[in-house]
Each structure stands twice: as structure tokens, then as C-alpha cells.
Amino acid sequence: MNIRKATQKDFEAIELLYREADLIAYELLPSFFKHPSEFTRSRDELGKQIGDHLTEVFVAEDERGIVGLSVTVMQKTPTAFEGFVERKFAELVDLVVSTQARREGIATVLISHAENWAKQSGAESIDLTVVEGNSGAEILYQKSGYIARSHRMWKKLT
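All residue numbers for the sequence shown refer to this note's numbering, where the first residue is 4 and numbers rise by one.
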């Protein structure tokens, strides 16, 4: 397996990975996520991520092709509330592994690459969000040393 930075040429393979992830998200929270058949991801958006110095997109590639990706974005503490401790951090916004390549350690290697990039970029920590009900992801992140800092809740009003 090879981990490398994504390029525009990877769009079709990345789009397929996102379709799998989007379907899982929809199945977990259909009141929050659209079905993948209802939208398409933009090639321009991926191009912006690939070209942005504050974002890193890694892909995992093996003999099957691209089987995983991670998207990590550098952030700064929001300034809207003065009570926050100021910090520079990264956010692992996407981690996707193809269903046929799961449980092979690909996600763990992608997490490691994302963390190394974040550290080299000056991040003090790395944040992420797990969709409620995605217990496999929660276990993976816990095994990788992540701990819960908050629990975001919502209530439908209609």
C-alpha cells in the first residue's frame, strides 16, 4: 500500500469513495444527510482542497487502485468567544476507506499521515467528528488515542 498526496487525476476514484461514505452517513442519519443519489461532489471543490496550503488530502493506493482517503484542514480557535483557549489545531474532516478494503489497517495508516502533516504544519492537536451510530469509527479513533471532548446534540422541531 502506498500513501500519497491526492491529485486532480484522482477525482473519479475519490468520488466513488465519497459515494460509499455518503451512503453510510445517510443510512445512519437520514434526517441529516441526503442520499448520495440526490447530489454530486464538485471537482472544483476537490481542486480547491488539493490546492489549499491549509488542507491536505492523502489517498491510500494498492493493486486495487485508490482504496482510502483522508482530508485534514488546519484551523485556529474561533474568536467569537473570548473564553476559549487559543490554539492552532487540525481537523480530520474526512476519513474514508472502501468497504472492500476495510479492516486492513488502511484507516490507521491514513490517520498517522494526517497527524504527521498536522504536526508539521504547527497543529497542537487534531479534532474530528464521528456521526452518531458509527461505532466502528468510534472504536478506530479510540484505539488511535482519540478521546471524547464533547457530545453534540440536536432536536428536530418539526
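Glycine included, each C-beta is placed from N, C-alpha and C at the ideal position. Because the structure is a prediction, the values reported are computed rather than measured.
#### Entry: Range covered by the beta strand (DSSP E) that runs through Gly-108
Careful: Gly-108 lies outside any beta strand (DSSP E) and carries neither H nor E.
### Task
Could you tell me whether the stretch 81-101 touches the stretch 112-130, where touching means 3 or more Cβ pairs closer than 8 angstroms?
Output reads yes: the stretch 112-130 touches the stretch 81-101.
#### Entry: Proximal residues to Ala-140 (C-beta, below 8 angstroms), its chain only, five neighbours per side dropped
Leu-98, Val-133 and Val-134
### Length of the line joining the Cα atoms of Ser-115 and Lys-146
Here the alpha carbons of Lys-146 and Ser-115 stand approximately 12 angstroms from one another.
### Query
Relative to the C-alpha of Asp-3, which residue among Gln-78, Ala-63, Ser-34 and Glu-64 is closest?
Nothing about residue 3 can be reported from this structure: the residues present for the chain run from 4 to 161 only.
#### Entry: C-beta atoms of Phe-14 and Asp-25 nearer than 9 angstroms
no
### Query
Which runs of the alpha helix (DSSP H), 4 residues or longer, sit entirely within the stretch 19-91?
Taking only runs of at least 4 residues, the alpha helix (DSSP H) segments lying wholly in the stretch 19-91 are 46-54.
### Task
Leaving out five residues on either side along the sequence, give the residues of the same chain with a beta carbon under 8 angstroms from the beta carbon of Tyr-22.
Note that residue 22 corresponds to Arg in the displayed sequence, not to Tyr. Once the five neighbours on either side are set aside, the close Cβ partners of Arg-22 are Pro-39.
### Query
Considering only the beta carbon of each residue, do Val-112 and Ile-6 sit closer than 9 angstroms?
yes
### Query
The alpha helix (DSSP H) spanning Ser-138 covers which residue range?
138-146
### Message
If contacts are defined as beta-carbon pairs under 8 angstroms, then Thr-43 and Gln-52 qualify, I think. What distance do you get, rounded to the angstrom?
### Response
About 16 angstroms separates the two Cβ atoms, so there is no contact after all.
#### Entry: For Asp-130, the first and last residue of its enclosing beta strand (DSSP E)
128-131
### Query
Going by beta carbon distance, what residues of the same chain come within less than 7 angstroms of Ser-101, once the five residues before and after it are set aside?
Around Ser-101: Leu-20, Glu-23, Val-70 and Gly-71.
### Per-residue burial, Glu-66 [other beta carbons within 10 Å of its own, 16 or more giving buried]
exposed
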